[in-house]
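Numbering (the numbering used here), first residue to last: -5 to 414. Ideal Cβ placement from N, Cα and C applies to all residues, glycine included. Written below as structure tokens is the structure these notes are about.
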Ligand SMILES: Cc1ncc(COP(=O)(O)O)c(C=O)c1O
């Protein structure tokens, strides 16, 4: 059975909004998705009825908050096919990737003892990323390379944005210690061949870091089946609140990795000279935790479970094809990423010949259509494709066929309006 989009829409209050005197058409879900009532209610319920810091509180509210916080972790673990102690709460995917890079840095500086040897980098070692990464999965690795003396290399894309897998094979040799790449490109909408890259990394013993920000909202995600060592995701792109994300890590790795942030709640004992750290996940959760956000993110996962991720994926792929087909038919439009009929999620970036993306975005906003413009935090990819910026439309479970059509109709008027 297909998703009942009209029924789903009733759960999203933001869709009642009008923009420029027209009903809002929200095509910016890849930046951040709208939130259903179940998520808003979960957050409100926490603050209204249970507001408390978790762990060690001797009162009822703290016990209830702790119970909900840890069940949220269990829920997210099930959602991604992990164990609860493999799920670390972070502020977002950017936070998770920086946590990894700084923990590797700490290991490289000698912290964590013998157990931390797998995370140590130095001159002669290599970190490999791809040319299509979001800056969040690029700059932390650049900085790590800078701090440790390791080199950063990248798998290039071709003129159409396809990952050059033959280059990947040549690049991933014995010196590679970390391979970090995105599951789904936030610009191209294309799905990375994870299994092939993981096989290359496994052959040389490199750690694999998967940026699942744009896949977790759209595809059934099973980190164990994908056989990655770490994965990061962003709660606010999968119907959850802002301010929370997830770092998944294999338990044996997380327990051997020196922490990045230190302070309260992550220790077993502290003297004036030193401290011993708890195992994962507490080891990486210093300070007062984002309890309301974790609980609401679990509500988002519960909502997605109710829809069924296989059906979400099917609908998303359908919307992606509608976007790419409609855009391809408009003269003067260059669609980035896979052509119609090829695999992509519900996301399409494009360039309008002779019109700046900001003007495209403004024109569409005047029609009540929200899209994203700019380099989408992927400057190297845009540079490779010969563009300073692009316009991106991205759909989600609440997007209707009519909305995609309204967007296509809008884009087909852009060049006429700007007289090009
Ligand atoms: C592919 C990708 N990676 C990382 C991020 C950063 O995510 P967060 O907002 O959770 O830090 C984004 C967000 O745009 C993204 O699309």
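Residue i to residue j span [Cα, whole Å]
i: residue 403; j: residue 127; result: 31 Å
i: residue 393; j: residue 370; result: 21 Å
i: residue 256; j: residue 376; result: 37 Å
i: residue 150; j: residue 184; result: 15 Å
i: residue 50; j: residue 383; result: 49 Å
i: residue 63; j: residue 46; result: 11 Å
i: residue 43; j: residue 35; result: 11 Å
i: residue 317; j: residue 21; result: 11 Å
i: residue 220; j: residue 193; result: 10 Å
i: residue 264; j: residue 86; result: 29 Å
i: residue 337; j: residue 308; result: 11 Å
i: residue 1; j: residue 301; result: 11 Å
i: residue 23; j: residue 200; result: 33 Å
i: residue 222; j: residue 286; result: 29 Å
i: residue 159; j: residue 330; result: 19 Å
i: residue 246; j: residue 279; result: 17 Å
i: residue 406; j: residue 213; result: 30 Å
i: residue 401; j: residue 388; result: 11 Å
i: residue 312; j: residue 56; result: 45 Å
i: residue 266; j: residue 3; result: 56 Å
i: residue 77; j: residue 107; result: 25 Å
i: residue 60; j: residue 48; result: 5 Å
i: residue 119; j: residue 399; result: 50 Å
i: residue 37; j: residue 72; result: 21 Å
i: residue 415; j: residue 368; result: For residue 415 there is no data in the structure shown, the boundaries of the chain being -5 and 414.
Within 7 Å, strictly: CB atoms of residue i and residue j
i: residue 102; j: residue 114; result: yes
i: residue 74; j: residue 204; result: no
i: residue 5; j: residue 30; result: yes
i: residue 294; j: residue 232; result: yes
i: residue 240; j: residue 391; result: no
i: residue 251; j: residue 97; result: yes
i: residue 226; j: residue 173; result: no
i: residue 346; j: residue 327; result: yes
i: residue 397; j: residue 19; result: yes
i: residue 366; j: residue 130; result: no
i: residue 254; j: residue 93; result: yes
i: residue 354; j: residue 385; result: yes
i: residue 141; j: residue 99; result: yes
i: residue 290; j: residue 234; result: yes
i: residue 135; j: residue 288; result: no
i: residue 198; j: residue 168; result: yes
i: residue 138; j: residue 95; result: yes
i: residue 175; j: residue 163; result: no
i: residue 299; j: residue 340; result: no
i: residue 428; j: residue 270; result: Limits of the chain in this structure are -5 at one end and 414 at the other, which puts residue 428 out of reach.
i: residue 79; j: residue 209; result: no
Below-7 Å beta-carbon distance, residue i vs any chain B residue
i: residue 376; result: Judged by its chain identifiers, the structure shown contains no chain B, having just a single protein chain.
Counted within 10 angstroms of its Cβ, other Cβ atoms place residue i as buried (16 or more) or exposed
i: residue 207; result: buried
i: residue 268; result: exposed
i: residue 352; result: exposed
i: residue 171; result: buried
i: residue 248; result: buried
i: residue 8; result: exposed
i: residue 297; result: buried
i: residue 395; result: exposed
i: residue 320; result: buried
i: residue 415; result: Because the chain is modelled from -5 through 414, residue 415 falls outside the range shown and cannot be assessed.
i: residue 323; result: exposed
i: residue 315; result: buried
i: residue 333; result: exposed
i: residue 413; result: exposed
i: residue 284; result: buried
i: residue 155; result: buried
i: residue 10; result: exposed
i: residue 89; result: buried
8 Å contact criterion, which residue i and residue j should meet: CB distance rounded
i: residue 16; j: residue 361; result: 6 Å
i: residue 27; j: residue 177; result: Wrong, their Cβ atoms sit about 17 Å apart, outside the cutoff.
i: residue 242; j: residue 217; result: 5 Å
i: residue 292; j: residue 69; result: 4 Å
i: residue 165; j: residue 124; result: Actually they are not in contact, since the Cβ atoms of residue 165 and residue 124 sit about 10 Å apart, beyond 8 Å.
i: residue 343; j: residue 188; result: Not confirmed; about 21 Å, so no contact.
i: residue -4; j: residue 305; result: 7 Å
Length at least 3, wholly inside the region 264 to 337: the beta strand (DSSP E) runs in chain order: 269 to 271 and 327 to 329
Unbroken stretches of the beta strand (DSSP E), 3 residues or longer, contained in the region 38 to 98: 81 to 84
Secondary structure, beta strand (DSSP E): runs of 3+ residues fully inside the region 136 to 221: 145 to 149, 170 to 176 and 201 to 205
Segments assigned alpha helix (DSSP H), at least 4 residues, entirely inside the region 328 to 386: 351 to 359 and 373 to 378
Segments assigned alpha helix (DSSP H), at least 4 residues, entirely inside the region 219 to 251: 245 to 250
Residue ranges of each beta strand (DSSP E) within the region 108 to 134, 3 or longer: 120 to 124
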